[in-house]
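Have a look at the structure below before the remarks.
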Amino acid sequence: MPSVIALVYWIENGQTRILDRKHNNIVLSQENTEEKLAPEETHIEVYRALEDGIPLVLLTELIISASGSPREITVGQLLWDGLEVMEIDSPIPARIEGNGDITLQITPGEHVIHVAARYLENTQTFKTHPRSPLWPATEYLSFSSNSEFRQVQLTGANSIDTSQVDIPEDWSALPTYRLTPDITLTMTTEFRGNHSPAANKIAATRDLWLRFDGNGLIAREQLEGETFQDWRIDAQPDTQLGRAVVDEQPVLITEFNGQQGIEIRDSYFNLDAVTEIDDIGNFSATGWNTNTDSLTATLHTPPGWQVLHASGVSTIRGTWSSQWDLWDIFLVLIILATTQKLLGNKAAVLAAFTLILTYHTSGAPIALFAVLLLLLAILSKATQKILVATSYLCGGIFALLLLSIINFSVDGFRLAIYPSLEHKLVNRYGDSTQYTPKRHRFSSQSADITLAEPSLEEVVVTGVKQQYGPRYVTRDSDRVQTGPGLPTWLWNRTLFKSDSLVSSDTNISVIYSPPWATRLWRVLNIFLIIGFSLILAYRIKPLLRFHQNTHPNDDNPSPNKKHTSDDNTESTPASLSTPGSSITGSSTPCIVGALLCIALTALLSLQSFPSYAEEFPPQYLLEELKQDILQAPACLPHCVSLNDGSLTITEDTFSLTAEVYADTNIELPLPNGNRGVHLLDVELIEKETSHRRFLKDKIKAPLVRSKNALSTYLRRGHYQLIITGELKGDSASLSLPLPIHNFKLTAKGWNVEGIIDGRIPSGTLSFQRITASTHTGQSTLTPAPVKPFVKLKRTFIFDKDWKVETEVTRVAPHTEAFSISLPLLDNENPLSSHLDIQDKQVTLHFRANQEEALWTSLLQHSETIVLTAANTDTYVEVWHFLPSSLWRIHYEGIPPIKPEDEATHQLWRPWPGETLQATINRPSGIKGATYTIESADLVFQAGENVQVSKLELEIRASLGETFTFNLPDESKVMSLSHDNRSLNIPKDNEIRIPLRPGKQRVAIEFQQNTPIQWIQTTPQVALPTQATNIDIVYEAPRDRWTLYLTGPDLGPAMLYWGVLCVIILGAIALHFLARALGWPIPVTLLGWMILGLGLSTTNSVGTLIAALFFFAVAWKMQLNTNQFSQKHLRLIQAGMIFLTLITALFVMSAVPMGLLGSPEMKVIGNNSSAFRYIFYQDFSQANEFPTAIVVSAPMIVYRLMMLLWSLWLSMNVIRWGSWWWESFTKQ
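Letter by letter, the sequence shown follows residues 1 to 1227 of my numbering.
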């Protein structure tokens, strides 16, 4: 019979019969499949699970298969010796006798009974005791360990493969043992509790700022991780803690056992601290007396400082030594070897110093040196044609080298004088103490803990979880430290990184180049580059040939010329034939080849690797498309709902109806008749969803049979399902694959089991025909009452006040009401007046279904607390300690259990009679500032007669106190505000600010009624404490000519004076160059200087153009025109006209710019401009607020000087014009 045929009827003499259908075959030889009342037989299977803990809990699953008539029997010993019943769940009447036997009133069918019992003592052996022939000789015991509580070893019985035995599904993953009467299972405790806690998992991130003066480091320490022990993090001896914040809350830095540290009270924590380190060259890598799983540290160095070398961790970036790799070393060695071969040992020594010191300096012409060495080798052996081409190439390379040296020298001298010009402005570090916990580092542990809910949540029905208050608290007398301010500047950085374990005793060693050494280094680099360039020029110049003349290498020997054995080498120019520097015929090709390899490799290293386009669409898009196409309905597994079920049984027929709601097109599994059930028809009546009325037509449901199960396909909608069938024999069963809600039963002549409160929890309905043999009048067994048993949990909260919160949780009986008496602690004072207390005993009355009872008590302070678990069988105790950061506790006695959740609690589960002693100490806070100036911004606006200053302070305070400081004498306060709230203006120069805990801003505007000075200094404010991140802004008036400025190291630089020195030196060079050439230029040495001085404040480039103009006109005057054609002469004349116009434009435009405009003093650095000078200092001591000094003159002084220069220029232009005309008209 094919499987596509779902229902088959066999009709014999007008009566339907049940067919025996197996594997798509119908067996016709069976005479009758109706079940008759079977003989009385009983089969029992026993499965147990032992749950470790206090108390030990034994769970038993008893499976009874019975046939025959209902009856009462005693099947054997269910409870072993020493057990007390906590709960029994049986579908048939059952009672456990005093000796542990179980008596049942069984009916035909299979019954599963669950019993939970507890051991009254710490039992170590387990043995089965069959007392009835019905009890099986073999039992199966599964063991559920509790590693948080203890580690045990089971011996005496063999473990079995649970896949070979029908173990309950919930226990199939547990180790299971086969027990027989002659086998004893022994449990041995190897260790208890958290005897060896795991190491803390901590990731450290550090930012270290070197002070501008080099006297120490300021560090921001960020620790993130998971703690399992100690619950305190101490700083290293070389680290001075200043401020600490844990999980966004400021905490008190305390001293315990001579070490500064911070109490940690959460398993997952984020610590942010500010520390100070005195030794800048050798300091702790982690900064803390704890190992870290990873470390990332950034060392920030100020202008002028350079890190030469560092060691201590696996990865270091940003030092001078870390920039060298094998490729760099290879290139340097090749260049040095070539230099030694071509230029000799002394030149090689100079080249070694030059390459080593300048190789990683920006702008150093190392590549040009390599090219020139290559050309030098070629020139020594080049033929006539190659020699000329190579000579021109050398000339071009030397021109590039000259420009490179000029640029390199200018940058080197500028940075040597003004280190702050290395970067355009000071970048700022975001000072944020807002944390987002990053638990991805410990994701696996976090996931496990998240899934493991506290056991209390399983029984609490109130839905409210206790909150124990803040873990980090301080007393009113505690002075929380605010430490030094955190720097916000960013300049040069050195990275230290390690992704592996870094021990607490690991140190980082750093070798610095201080500002004076860095200046010397930069100047020395310039002279080394110039010196090596001069040597190259000296050796190459004699070899250059720009015309095809006779050359020593042009003597091409005749083919017939014979070489003697004494003439094995080619002739060498005299300029290169020095000892140790001669180039032999065999060595020249090697040198040229090596240099060509260098050039080729350098070019290849600059090429980017080709990028190949990935195939599109990428695989991940295809996977997403596949998931979208094959995506299961979102409603699964609840796409179908069956409600308002109804079963009607009349004699041998039944009718099952239900309302079906389908949210999507889906297959609906149908009820399946197991034994004695014959399905006759299945109908679906579709309903209109909008009107909720039946349609007229009924639908014969399309049935599908698969694996002896029926199903039908539904479209989305609302249906009524009607199933009819027959019942054969005296017993039958019907399986329901989907739950049916609000189920109703109408049955005549049949007992139906499986319906509880309108539900069918087991998914199966069992039918038993009512016959004369049914014992309907038999009384139901009454089980013995369950003895009350509770869990008593005491949570000790050590805060400013000590409290103990007592939580009593029902364990047994499951729902019934009961009363129980529990003892109070000796120094416990309950705060509730509703407790029934007599003789230090609290009597609790649990109502039916009440799960827990709570009360809170005060606990008197004492140095020690001693707890002893009571010897009783009515409750077990749990001790939970929650110390705040105020207290540190040392425990003696039994070990704690491993943590159950993320809390840093210490939890104990004692056996009766065990004792725990807790010794409580309070760490003392270290001395430290209670307010810190995080930043100070002073804006000074210089005026003709009034000097206005605006001072803004960002202050971090931990206490409410008064902040007092003094302004300079003769200062008049114009406004005063605190967090944008105006305060009363004081009458004198003493400022008083009422601080509040937290961050706040103070703004003061004051003025000094004094005229501006030629040497003007910003006001010095007498701050009472250290200040960090000091910005001084000097705003100069437009009618002043700034001549000089100075202040903190990180600030603007005036480049004008350096340019002026270059112009003066250039004037001297031009004067002597004109004399050396013998050209009659009508400009004296003083004239060159005056001309450059006037152009220096308007357009410095004009000085070079003017010099080019004068020398071009002088060259034209000395020119022999007979050597040039008329075409070339016309081009020269046009060039002179063009150059004259450009020169006139630059020089003459300087007159109005000088008389009407402002001088260009070339002020750059730290985002400063011509009239706004910005200085920055990282740190200042109390009463040592930095100042800026500006030297300026009235603008009229500059205008008068430019007027005199303009008059001088106008008088000389006429003389220069006649000289120019003479040169221009010369034929």
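Glycine included, each C-beta is placed from N, C-alpha and C at the ideal position.
As the structure is a prediction and not an experimental result, all values here were calculated from the model.
Coil, strand or helix - residue i by DSSP
| i | result |
| --- | --- |
| Ala377 | helix |
| Gly725 | strand |
| His861 | coil |
| His300 | strand |
| Arg1215 | helix |
| Trp1220 | helix |
| Tyr1259 | For the chain, the structure presents residues 1 to 1227; residue 1259 sits outside this window and is missing. |
| Val948 | strand |
| Val8 | coil |
| Gly580 | For Gly580, the pLDDT reaches just 36, beneath the cut-off of 50, and the residue's location in the model is therefore unreliable, although a value from the coordinates is still provided. Three-state result, Gly580: coil. |
| Phe1111 | helix |
| Ser587 | Below a pLDDT of 50, predicted positions are generally treated as unreliable, and Ser587, at 41, falls in that range; no measurement from the model is reported. |
| Gly1128 | According to the sequence as given, residue 1128 is His; it is not Gly. Helix. |
| Ser1228 | This structure does not reach residue 1228, given that the chain is present from 1 up to 1227, and the question cannot be answered. |
| Ile897 | coil |
| Asn1122 | helix |
| Glu651 | coil |
| Arg981 | strand |
| Asn407 | helix |
Residue(s) in a DSSP beta bridge with residue i
| i | result |
| --- | --- |
| Ala273 | Glu221 and Ala244 |
| Asp234 | Gly261 |
| Thr657 | Ser646 and Ile722 |
| Phe965 | Ile991 |
| Ser1210 | Ser1210 pairs with nothing; no bridge assigned. |
| Gly76 | Ile102 |
| Trp908 | Trp879 |
| Lys972 | Gln1007 |
| Ile933 | Ile955 and Ala1027 |
| Gln1177 | Ile1030 |
| Asp182 | Answer by DSSP bridge pairing: none, since Asp182 is not bridged. |
For residue i, the nearest candidate out of the options (CA to CA)
| i | options | result |
| --- | --- | --- |
| Thr138 | Leu104, Asp182 and Gln164 | Asp182 |
| Pro487 | His300, Phe1185 and Thr180 | His300 |
| Ile760 | Pro737, Ala219, Arg769 and Ala244 | Pro737 |
| Gln1013 | Ile889, Ser498 and Ala1193 | Ala1193 |
| Lys803 | Ala784, Asn829, Leu983 and Val811 | Asn829 |
| Gln259 | Val1191, Thr239 and Asn407 | Thr239 |
| Leu490 | Glu121, Val1151, Thr298 and Phe398 | Thr298 |
| Arg150 | Pro910, Leu1023, Trp1057 and Arg1040 | Pro910 |
| Asn215 | Glu121, Glu40, Leu534 and Trp305 | Trp305 |
| Ser857 | Ser832, Ile356 and Ser362 | Ser832 |
| Thr205 | Glu255, Leu393 and Ser294 | Ser294 |
| Ala1067 | Leu1093, Ala66 and Gly729 | Leu1093 |
| Lys497 | Ile218, Thr1025, Phe398 and Thr286 | Thr286 |
The ligand GDP heavy atom lying under 6 Å from the CB of residue i
| i | result |
| --- | --- |
| Gly1066 | Absent from the structure shown: the ligand GDP. Ligands present: none. |
Item to complete: Please determine if the region 1180 to 1196 and the region 1027 to 1047 are in contact, where contact requires at least 3 C-beta pairs separated by less than 8 Å.
Response: yes
Discussion item. Check whether the region 206 to 214 and the region 233 to 240 touch, using three or more Cβ-Cβ pairs below 8 Å as the test.
Written reply: no
Fill in: Three-pair Cβ contact test at 8 Å for the region 273 to 283 versus the region 496 to 513
yes
Worksheet item: What runs of the beta strand (DSSP E), each 3 residues or longer, lie entirely inside the region 305 to 337?
Response: 306 to 311 and 315 to 317
Fill in: Segment contact, 8 Å Cβ cut-off, at least three pairs: the region 751 to 766 with the region 725 to 743
yes
Practice prompt. Could I get the ranges of all uninterrupted beta strand (DSSP E) runs contained in the region 482 to 545, with 3 residues as the minimum, in chain order?
Written response: 492 to 498 and 507 to 513
Worksheet entry | the region 920 to 938 in contact with the region 882 to 890 per 3-pair CB rule at 8 Å | yes
Discussion item. For the structure I just gave you, are there three or more beta carbon pairs, one from the region 1034 to 1042 and one from the region 1143 to 1157, closer than 8 Å?
Written reply: no
Worksheet entry | Length at least 3, wholly inside the region 749 to 823: the beta strand (DSSP E) runs in chain order | List check, beta strand (DSSP E) in window: 750 to 753, 764 to 769, 789 to 798, 802 to 812 and 818 to 823.
Worksheet item: On the three-pair Cβ rule with 8 Å, is the region 71 to 89 touching the region 185 to 205?
Response: Because the criterion of three Cβ pairs below 8 Å is not met, the region 71 to 89 and the region 185 to 205 do not touch.
Item to complete: May I ask you to verify whether the region 1117 to 1127 touches the region 1161 to 1171, counting CB pairs closer than 8 Å and requiring at least 3?
Response: At 8 Å Cβ cutoff, the stretches do not touch.
Item to complete: Ignoring anything shorter than 4 residues or poking outside the region 145 to 177, list the alpha helix (DSSP H) runs there in chain order.
Response: none
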